[in-house]
Amino acid sequence: MNSFRILAVAVGIAGLAACNYSPQEQKADNIEANAEARADNLEEAADNASSEAREDSLENQADRVREQGEEKADAARNSADIDGNSADDTVSGNSQN
Numbered sequence: 121m122n123s124f125r126i127l128a129v130a131v132g133i134a135g136l137a138a139c140n141y142s143p144q145e146q147k148a149d150n151i152e153a154n155a156e157a158r159a160d161n162l163e164e165a166a167d168n169a170s171s172e173a174r175e176d177s178l179e180n181q182a183d184r185v186r187e188q189g190e191e192k193a194d195a196a197r198n199s200a201d202i203d204g205n206s207a208d209d210t211v212s213g214n215s216q217n
């Protein structure tokens, strides 16, 4: 199951790389995908934990990893918006839609 998730993340990243995204958006997508994969691994470890306390701890870690990944990805996307390299930059007329 774990290798399936890693493969799914890799396929997702490869699919996004084929799109015409700015480097900042690709970086943001990669950050999110990596955080999601790490969080999935933590949740899988939680499922196999020997105690309820350990399971809760691992699930909390997974939640924090996801949240931090989303925050870092949002920061990368916001920097893309600020410098005008966003694919959805409709204000300047550079939209890729």
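Here our numbering is used: the sequence shown runs in plain steps of one and ends on residue 217.
Just so it is clear, CB atoms sit at the ideal spot from N, CA and C, and this is done for glycine as well.
Computed from a prediction, not measured in an experiment: that's the story for all the values here.
Judged by pairs of C-beta atoms under 8 Å, the stretch 141-155 touches the stretch 179-199, as three or more such pairs exist.
Taking C-alpha positions only, E164 is separated from Q181 by approximately 12 Å. Between V129 and A159, the C-beta gap is not smaller than 9 Å, which leaves the two residues out of contact. Rounded to whole angstroms, the gap between the alpha carbons of Q146 and Q188 is 17 Å. When only Cα atoms are considered, A134 and A169 end up about 33 Å apart.
Here DSSP, grouped into helix, strand and coil, assigns A169 to coil. Here S177 carries a helix assignment [DSSP, helix/strand/coil].
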